[in-house]
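Single-structure report; data block below.
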Amino acid sequence: MPTGKKIIWVSRHAPLKSQISELERLFPKHTLVIEKRPFSSAEQIVKRFREAEGDEMVVVAPWSVMRQIIKLGIRPIYAEMKPTTSADAESVIVSGRKKRRYYKFVGFSYCTDVSLKLEPIDTRNPTVLLNPDGSIKSIVKS
Numbered sequence: 003m004p005t006g007k008k009i010i011w012v013s014r015h016a017p018l019k020s021q022i023s024e025l026e027r028l029f030p031k032h033t034l035v036i037e038k039r040p041f042s043s044a045e046q047i048v049k050r051f052r053e054a055e056g057d058e059m060v061v062v063a064p065w066s067v068m069r070q071i072i073k074l075g076i077r078p079i080y081a082e083m084k085p086t087t088s089a090d091a092e093s094v095i096v097s098g099r100k101k102r103r104y105y106k107f108v109g110f111s112y113c114t115d116v117s118l119k120l121e122p123i124d125t126r127n128p129t130v131l132l133n134p135d136g137s138i139k140s141i142v143k144s
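If you're matching positions, the sequence shown starts at 3 in the working numbering and goes up one per residue.
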């Protein structure tokens with residue numbers, strides 16, 4: 003019977019073999035609970051995590067949800083993936099009929115902060131309209 007940590011995997015995608023192996027290396031004798039149900043908020047994810055009495059949480063979710071999970075006191079684990087060629091891919095994302103993106107698992111890290119740097123839009127800058135040949139057609143000033 004496992005005596006290690008209880009890890010809750012929150013994603014609609016099952017973990018890859020390489021991810022399962024890495025979890026075993028990081029958390030020997032862990033129990034992995036896969037939570038595939040759709041979620042509507044970070045609060046719902048945290049509630050399910052606490053109800054399951056999890057010790058660690060791997061989350062695949064939008065950054066805004068990750069940020070809220072952190073604010074709610076959980077330090078989620080992030081599965082880092084890097085783009086790769088089809089020959090080395092462990093995961094394929096298909097968008098549309100022919101567009102495929104290939105990814106390979108890099109490793110796990112705790113996500114302790116998600117920040118967004120914003121820059122105001124400067125409306126004082128002029129807009130330059132160009133002719134088809136690249137010459138300036140007109141300058142519109144705000």
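Glycine included, every Cβ here is placed at the ideal spot set by N, Cα and C.
Using the Cβ count rule (16 or more neighbours within 10 Å means buried), how would you classify residue i?
i    : result
Q21  : buried
G56  : buried
L120 : exposed
W11  : buried
V142 : exposed
P122 : exposed
Specify the secondary structure class of residue i as computed by DSSP and reduced to three states.
i   : result
L28 : helix
A81 : strand
E53 : helix
P45 : Reading the sequence as shown, one finds Glu at residue 45 and not Pro. If DSSP states are grouped into helix, strand and coil, E45 belongs with the helices.
R39 : coil
Rounded C-beta distance between residue i and residue j? I'm assuming under 8 Å.
i   : j    : result
A81 : F110 : 6 Å
Do you know offhand how far residue i's Cα is from residue j's?
i   : j    : result
F29 : R102 : 33 Å
K31 : D124 : 55 Å
V60 : Y104 : 21 Å
- Query: Are at least three pairs of beta-carbons, each pair with one atom in the segment 81-88 and one in the segment 36-48, less than 8 Å apart?
  - Reply: no
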